[in-house]
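If you're matching them up, the sequences are chains X and F in order. According to the working numbering, the first sequence is numbered sequentially starting from 55. According to the working numbering, the second sequence is numbered sequentially starting from 4. Ideal Cβ placement from N, Cα and C applies to all residues, glycine included.
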Amino acid sequence: MKDPLRKIKDVNGVRWKGQYAAPLVNAELNLEDAVALVNPEWINSFPDKTLVVHYDKKHFSKKGEALYTIYDRNFSGNVVPTAAELSALNSSGTVTVVRNFVFDLTPGGGLQFDSIWLKEGVFTADIAAATGHQGKVTIEFPDLKKTGAPVLLSEAWSSGGPISRSSFHNVSDIESLDLSKGNQGFNQIRVKVSWEMTKSGAVGGSEQLQLNLSTQGLKFRKLYGFLGQPSLLNVQDSINLSLFSVNILKGSIVFEDARIKVHFNNGTGFQSQYQIQQLSLVDKNGSPVPVTAYNASGSIGAATDGGAETRRADSVYITKASGSNVAAVMRTEPHYLTYKVGASPGLGRGFVWDNSTLGLTVSVELPMSVSTKDLVLEDTSDLDLGIGKEGDYVEMIKFKVNAENGIPLGVGVQCFFLDAANKMLDSLFQPFRYMLKQANVDAGGNVISPYVEQWELVVDKPRLSNILKAKRLRTRAWIPTSSINGSPVPVRITTDQKLKFKLGAEIKLSADAEF
Amino acid sequence: MESLPQRSALNPALLPDCKWFMGFPGFNSLGLQATNSGFNLNAINNAIVVKPNGNFLDLNAMLDVFSRQNYLSIKADQTWAHFGFRAKKHFFSANVTDKAGFKFGYPKDLFRFIIDGNGGPNLGETFDFRFSADAYHYREFGLGYAYRLSDKITLGIRIKYLKGISRAELKEASLKVRTRPDDYAFEVSSNFELNVASSLGEIVTQDVNGPFLNAAGFVKGIKNNGWGLDFGAEYAATDKLKLSAGLIDLGSINWTQNTASLVSANPAATFVYDGFKISSADTAINADVYFDKLADSLSGLFGLDTLRRSFRSSLSTEMMLGASYALRKNMKLNALFYGDVYNKRLMGGLTLGLFWRPVKMFSLNINNTFYGRAWLNPGICMAFNAGAVQMYVASENFLAPFSPGSARGAAFRTGINLTFGRIKSRGVGSEDPGRTKGDGKAAPIDPTSIQ
């Protein structure tokens with residue numbers, strides 16, 4: 055009677071075998087979604103849905119507010135009543151003394167601003183009067199307008215004596231400044247000072263008003279006028295064509311319509327000129343091959359003034375169709391594109407916003423109208439699967455794949471598991487097989503039917519043991535395009551081509567372990 | 004046992020050996036039993052691999068200890084009043100009995116899924132995780148009538164008015180999972196129905212001094228009513244051989260008081276999970292968002308509705324087929340096959356016994372019951388008669404305390420009767436004063452107690 059209990063009490067381990075299966079991934083994607091999923095910066099698509107391998111670099115000129123600066127300025131002027139004005143004060147008890155000045159806003163020189171729309175900054179008027187009479191000073195800026203009316207600063211005092219006053223005016227972006235009324239060739243604004251004097255005692259000859267005007271931190275939202283010819287862009291750079299930098303073991307990949315695009319995006323209101331001073335594709339040995347047949351200089355149109363910032367785009371396309379050698383050179387699988395591009399404004403009046411820039415984008419576009427021939431990529435890296443003793447419990451792993459490939463590209467991957475001395479211990483597929491075979495195409499490279507297959511990959515315990523011992527992994531990939539009668543044809547890979555892929559896994563575990 | 008009035012509980016045509024009887028008030032018949040159809044210690048013992056440095060438990064072998072569906076059961080009944088009397092060929096009886104019980108059913112598939120797994124040879128198989136549970140308490144007011152049609156045939160019927168006191172019935176709790184061989188996708192379907200009702204609030208009430216038993220509530224408070232019927236017949240094939248058949252607990256209770264039901268919102272719904280979905284419609288791959296959506300889908304599909312409705316629960320109908328053969332005047336061999344249906348499965352058992360009445364004041368029945376996969380369940384029943392007072396005690400699988408390794412259950416019953424007009428001779432015909440001749444019959448303790 056007690057035997058069962060004793061046997062149970064003496065249990066100090068378990069023996070167990072189990073086999074478990076689970077679905078892992080169920081993907082049903084068209085290439086557009088697949089691209090969105092992976093979201094590589096170097097793939098996008100044309101309007102006709104052709105996928106494009108895309109490399110680019112962007113450059114920008116300084117912003118308008120950095121190109122043109124309104125410096126802080128100071129101005130001093132004295133108002134001294136004439137004898138007649140003093141006589142009028144003495145006789146009638148009041149007189150208004152009026153004086154006009156011009157105020158230099160910028161150092162002048164070659165730039166002539168016609169109008170400025172200000173967004174921030176301060177106008178300050180300091181008044182120091184030596185007078186024996188009650189008075190009031192009004193300072194008018196007839197060219198600085200707020201909602202259409204000139205800006206006024208005003209100070210008053212009730213009795214004579216040394217007078218000192220300061221008056222400030224903060225500008226906002228609704229204020230406009232008309233500089234066209236000053237002297238020709240200068241950036242000047244006009245100032246009108248009106249001093250009303252009311253007799254408060256004996257009228258002498260020492261009446262004087264000193265005026266100090268200054269601007270601090272004036273910043274524009276938009277400038278209009280003759281803005282000169284500052285250098286907007288002067289770029290020398292290169293683009294890494296990483297697709298061709300991978301370790302291609304053998305074979306080739308041909309892009310039928312490779313192209314280079316130099317794109318300008320002008321946010322300024324003046325026309326500019328560009329110069330492409332150098333454009334070369336550099337092979338893996340560093341030898342440049344100049345790109346031919348393109349317009350090395352030209353004009354960049356001005357943005358329109360729509361009341362807010364607008365941009366104008368102009369591009370230079372360099373393609374096989376335009377007579378360039380770019381597609382031919384691309385067959386040599388160059389590693390870099392090097393370029394030197396400059397741009398500067400043309401003569402004449404124009405405008406610029408504070409944030410206006412001239413943008414430059416140099417890009418290499420490789421539309422996926424492509425064929426591969428015996429293309430094999432390979433890479434070797436260190437490997438640590440991070441599986442310890444738990445791996446002993448695994449008897450077998452099986453992967454089951456259901457694939458329906460509507461893309462005219464196949465994928466084959468073989469993993470070679472190596473020891474530290476690069477001696478092969480095992481490989482993933484025995485014998486090798488493609489993970490996905492390419493869809494069937496017609497003579498024009500268009501997909502006519504998907505490739506459908508179900509297959510399994512079984513890794514048993516001896517092979518798993520080899521894999522777990524591996525220190526390095528050599529991955530070799532085959533990417534064939536569809537072929538007709540055994541000959542590859544250029545296939546067009548578009549965003550609406552679909553891939554359905556289901557992956558499930560089954561694992562067999564066995565344990566004979568003590569507690 | 005033939006001398007006991009309680010035998011009519013299995014078959015209303017089986018009559019006691021007295022002209023009239025009355026159960027001792029409050030201690031008439033008390034029965035308790037507990038069973039486990041799933042495993043016992045011996046079965047677990049068979050799954051242990053003996054090794055020099057300690058034993059290993061073979062989890063896969065341990066699965067053999069389970070049946071496809073397994074049950075734990077506890078039942079109790081208490082008869083508050085029981086009396087009967089004979090009038091020539093007629094026998095009338097009445098009883099008031101409380102019956103309560105709890106059954107819990109669990110599937111072997113649950114353990115198979117965990118231990119053996121769903122892969123390999125189990126691909127394509129539907130694992131049925133079907134649970135059941137049933138807890139009940141009701142009161143039975145029974146009126147029995149038996150009529151001797153001839154010297155060979157006796158027919159009996161009992162009509163029972165039932166008062167349901169409380170019930171929790173997990174009518175359906177199934178989860179079916181199948182793993183598709185071609186892509187390992189899980190096909191899942193689920194169904195759930197739980198009904199509960201209780202009148203205990205009418206019986207146990209509360210005042211400032213705390214809860215107290217409200218006797219009036221037993222009579223007026225319980226509004227869950229039902230009816231039940233028992234049928235039975237006995238046939239004397241020869242002077243020594245008797246055959247009997249009974250069908251008891253046909254009927255149901257309509258539960259209307261304080262009811263609540265939890266039922267599947269989509270009872271026939273099936274869900275297929277074929278992997279982490281990456282689709283053109285939803286490329287914002289975020290595991291948290293994905294699994295939140297999946298959980299929302301599952302809760303929508305397999306969600307539960309709460310209903311306030313009456314429901315009807317059937318009694319656990321049982322059938323009996325019996326035979327007895329008189330070896331001597333005071334000794335008989337008897338056999339009884341019985342069965343009931345629970346969770347869509349017939350549970351049956353066979354009891355073989357020997358009845359012996361060595362003296363008038365003492366009778367003994369020794370039997371063994373075969374049920375499930377348990378072959379050794381010895382039982383004993385003893386009845387003592389001192390004048391009109393009859394005391395009895397019965398136990399099934401009385402070895403359980405001494406042999407826990409093989410025990411799957413045990414039952415116990417005892418009570419006191421007052422019997423009058425009992426026969427004066429022993430042996431053949433002794434059980435029935437209304438008969439001129441006949442043979443004795445062994446009535447085992449309630450065999451259904453084990454089921």
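Item: What's the gap between the Cα of P504(X) and the Cα of Y390(X)?; Value: 36 Å
Item: Please go through the same chain and pick out, in chain order, the residues whose beta-carbon is closer than 6 Å to the beta-carbon of L367(F), but skip the five residues on each side of it.; Value: W359 and M385
Item: Say whether chain X places a C-beta atom closer than 7 Å to the C-beta of T182(F).; Value: yes
Item: Please tell me whether K554(X) has its Cβ less than 7 Å away from any Cβ of chain F.; Value: no
Item: Closest to N319(X) by CA distance: which of Q238(X), V247(X), T415(X) and E250(X) is it?; Value: T415(X)
Item: Check R510(F) in the structure and name its three-state DSSP category.; Value: Residue coverage of chain F in this structure runs from 4 to 454, which leaves residue 510(F) outside it and unanswerable.
Item: Among D277(F), A12(F), G159(F) and P381(F), which residue has its Cα nearest to the Cα of D80(F)?; Value: A12(F)
Item: Assign I193(X) to one of three DSSP states: helix, strand, or coil.; Value: strand
Item: Leaving out five residues on either side along the sequence, give the residues of the same chain with a beta carbon under 6 Å from the beta carbon of F453(X).; Value: L511 and A559
Item: Taking 7 Å as the limit between beta carbons, can you name the residues of its chain near G236(X), skipping five residues before and five after?; Value: V156, Q242, I243 and R244
Item: Suppose you measure from the CA of K374(X) to the CA of N288(X); what does that come to, to the nearest Å?; Value: 27 Å
Item: Where do the ends of the alpha helix (DSSP H) carrying N459(X) lie?; Value: It is not in any alpha helix (DSSP H) - N459(X) instead sits in the beta strand (DSSP E) that spans V448 to N459.
Item: Output, in sequence order along the chain, the residues in the region 245-279 of chain F whose CB is closer than 7 Å to any CB in chain X.; Value: Y276, D277, G278 and F279
Item: In chain order, what are the residue ranges of uninterrupted alpha helix (DSSP H) at least 4 long that sit wholly in the region 96-145 of chain F?; Value: 111-118
Item: Please report the straight-line C-alpha distance between G175(X) and L207(X), rounded to a whole angstrom.; Value: 15 Å
Item: Can you tell me where the alpha helix (DSSP H) holding G303(F) begins and where it ends?; Value: A290 to L304
Item: Flag K155(F) as yes if its beta-carbon sits less than 7 Å from any beta-carbon of chain X, otherwise no.; Value: no
Item: Could you tell me which whole beta strand (DSSP E) segments of length 3 or greater appear in the region 469-555 of chain X?; Value: 478-481, 501-503, 505-514 and 526-532
Item: With H, G and I counted as helix, E and B as strand and the rest as coil, what does DSSP make of L17(F)?; Value: coil
Item: Could you name the residues that DSSP lists as bridge partners for R366(X)?; Value: N320(X)
Item: Could you tell me whether the Cβ of I281(F) comes closer than 7 Å to any Cβ of chain X?; Value: yes
Item: Which term fits H93(F), buried or exposed, when burial requires 16 or more other beta carbons within 10 angstroms of its beta carbon?; Value: exposed
Item: What distance in whole Å lies between the Cβ atoms of N257(F) and S202(F), which are believed to be in contact at a cut-off of 8 Å?; Value: Contact doesn't hold; Cβ gap of about 13 Å is too wide.
Item: When the cut-off is 7 Å and only beta carbons count, does P544(X) lie next to chain F?; Value: no
Item: Count the other CB atoms, across all protein chains shown, that sit within 10 Å of the CB of N132(X); report buried if there are 16 or more and exposed otherwise.; Value: exposed
Item: How big is the Cα-Cα spacing for S115(X) and D480(X)?; Value: 56 Å
Item: On the premise that I372(X) lies in contact with Y348(X), defined as a C-beta separation below 8 Å, what is that separation, rounded to the nearest angstrom?; Value: 4 Å
Item: Measuring only the C-alpha atoms, how far is S537(X) from N456(X)?; Value: 23 Å
Item: Taking 7 Å as the threshold (beta carbon to beta carbon), is G52(X) in contact with chain F?; Value: Residue numbering for chain X in the displayed model covers 55 to 569; residue 52(X) lies beyond these limits and cannot be assessed.
Item: Using the rule of at least 16 other Cβ atoms within 10 Å of the residue's Cβ for burial, across every protein chain shown, is D299(F) buried or exposed?; Value: exposed
Item: Given that D197(X) touches chain F, what residues does it touch there, using C-beta distances under 9 Å?; Value: Within 9 Å Cβ-Cβ: nothing; D197(X) doesn't reach chain F, min ~56 Å.
Item: If you check the beta carbons only, do V424(X) and V495(X) fall under 7 Å apart?; Value: no
Item: What would DSSP say about N63(F), mapped onto helix, strand or coil?; Value: helix
Item: Please work out which residues of its chain come closer than 8 Å, Cβ to Cβ, to K117(X), disregarding the five sequence neighbours upstream and downstream, and give them in chain order.; Value: D408, N409, S410 and T411
Item: For D232(X), which beta-bridge partners are listed by DSSP?; Value: S169(X)
Item: Give the secondary structure of A138(X) by DSSP, where H, G and I count as helix, E and B as strand, and everything else as coil.; Value: helix
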